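Reviewing the structure listed below.
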Amino acid sequence: MKRIGVTGHRSIPEEAHAHVMAGIRAVLCGFDGSLEALSSLAVGADQLFADLALACGAELTVVIPSGDYEACFADGPELARYRSLKGRAAREVRLDFPHSTDEAYYAAGAYIADHCDRLLAVWDGRPARGFGGTGDIVTYARTLGRPVTVIWRDGVERA
15 MKRIGVTGHR
25 SIPEEAHAHV
35 MAGIRAVLCG
45 FDGSLEALSS
55 LAVGADQLFA
65 DLALACGAEL
75 TVVIPSGDYE
85 ACFADGPELA
95 RYRSLKGRAA
105 REVRLDFPHS
115 TDEAYYAAGA
125 YIADHCDRLL
135 AVWDGRPARG
145 FGGTGDIVTY
155 ARTLGRPVTV
165 IWRDGVERA
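For the sequence shown, the residue numbers in the numbering used here are 15 to 173.
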C-alpha cells in the first residue's frame, strides 16, 4: 500500500483554491493501487486532502496531535467537518500531548512525514509562521529524503 501524507496551510486564498484542489486530486486519483492518506484534519489543506483522498478511494489515517485537539476548531461547521472526516477514517493515531501546542503540531507533522512514502505540501514556499508550520514539516521531510510534492499557484500570496 502506498502512503501519502499532507502538510499545508490552514488558509488558502480563493485565487489558489481551484489550483490546489486540482493538484491534490491529480496526485491522489492518478495513483494506481491501494492508497493510505495521512492527515491531521486541520482546517484548510488537511481537510481538503482528506475529502479528496476519501473520494478517490483511499483509506484515511488521522493523526491527532493532542488530547484537546477538538477545542482548536470553532463550534459549528469547522468542528462538524472535523468530526465527520474523523468518523470516516480507517485508523486513528493519537499522540501523547495533552494540549495543542506548537510542539504537538510539529510532532504530528513529523509523524506524518515519518510514515508516508510521499509528502504532499500545500505550501507557498515561505518559512513557517510558527514552529511546526508547513515550512518546518517540508524541511523535516526533505532531511529524511522523503519525496515532497509542492502544490501552490504561482503568484498567489497568503494573507
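Yeah, the Cβ is synthetic: ideal placement off N, Cα and C, and Gly gets one too.
Owing to the predicted nature of the structure, the values given are computational and were not obtained by experimental measurement.
Would you verify that the beta carbon of residue i is, or is not, closer than 8 Å to some beta carbon of chain B?
{"i": "Val152", "result": "The structure shown has no chain B; it contains just one protein chain."}
Where residue i and residue j are concerned, what is the direct C-alpha to C-alpha distance, given to the nearest angstrom?
{"i": "Val20", "j": "Ser98", "result": "18 Å"}
{"i": "Ser48", "j": "Gly144", "result": "34 Å"}
{"i": "Pro27", "j": "Arg156", "result": "26 Å"}
{"i": "Cys86", "j": "Phe111", "result": "14 Å"}
{"i": "Ala88", "j": "Ser114", "result": "14 Å"}
{"i": "Asp131", "j": "Tyr83", "result": "26 Å"}
{"i": "Leu133", "j": "Ile126", "result": "8 Å"}
{"i": "Gly169", "j": "Tyr96", "result": "30 Å"}
{"i": "Lys16", "j": "Asp46", "result": "9 Å"}
{"i": "Trp166", "j": "Trp137", "result": "6 Å"}
{"i": "Ala69", "j": "Arg102", "result": "11 Å"}
{"i": "Tyr119", "j": "Ile78", "result": "9 Å"}
{"i": "Asp65", "j": "Ala72", "result": "10 Å"}
Nearest to residue i by CA position, among the options, is which residue?
{"i": "Ile18", "options": "Arg39, Glu50, Gly44, His31", "result": "Glu50"}
{"i": "Asp128", "options": "Ala104, Glu92, Pro161", "result": "Pro161"}
{"i": "Asp22", "options": "Asp168, Cys43, Gly169, Asp150", "result": "Inspection of the sequence shows that residue 22 is occupied by Gly rather than by Asp. Closest option to Gly22, Cα to Cα, is Asp150."}
{"i": "Asp60", "options": "Pro27, Phe111, Val76, Gly71", "result": "Val76"}
{"i": "Leu42", "options": "Phe63, Val107, Val136", "result": "Phe63"}
{"i": "Ser80", "options": "Arg132, Leu66, Arg108", "result": "Arg108"}
{"i": "Tyr154", "options": "Ala124, Arg140, Val170", "result": "Ala124"}
{"i": "Met35", "options": "Ala173, Ala135, Ala94, Arg140", "result": "Ala135"}
{"i": "Leu52", "options": "Gly58, Leu74, Leu66, Asp65", "result": "Leu74"}
{"i": "Gly58", "options": "Gly37, His31, Glu106", "result": "His31"}
Should residue i be labelled buried (16 or more other beta-carbon atoms within 10 Å of its own) or exposed?
{"i": "Leu55", "result": "buried"}
{"i": "Thr148", "result": "buried"}
{"i": "Ala40", "result": "exposed"}
{"i": "Leu158", "result": "exposed"}
{"i": "Leu139", "result": "Rather than Leu, the amino acid found at residue 139 in this sequence is Gly. Gly139 should be labelled exposed."}
{"i": "Ala142", "result": "buried"}
{"i": "Gly44", "result": "exposed"}
{"i": "Gly37", "result": "buried"}
Quiz item: Quick one: complete beta strand (DSSP E) runs, 3+ long, within the segment 62-88?
Solution: Correct list: 73-80.
Quiz item: Where in the segment 107-139 do unbroken runs of the alpha helix (DSSP H), each at least 4 residues long, occur, reported from the N-terminal end onward?
Solution: DSSP assignment within the segment 107-139 yields the following whole alpha helix (DSSP H) runs of 4 residues or more, N-terminal first: 116-129.
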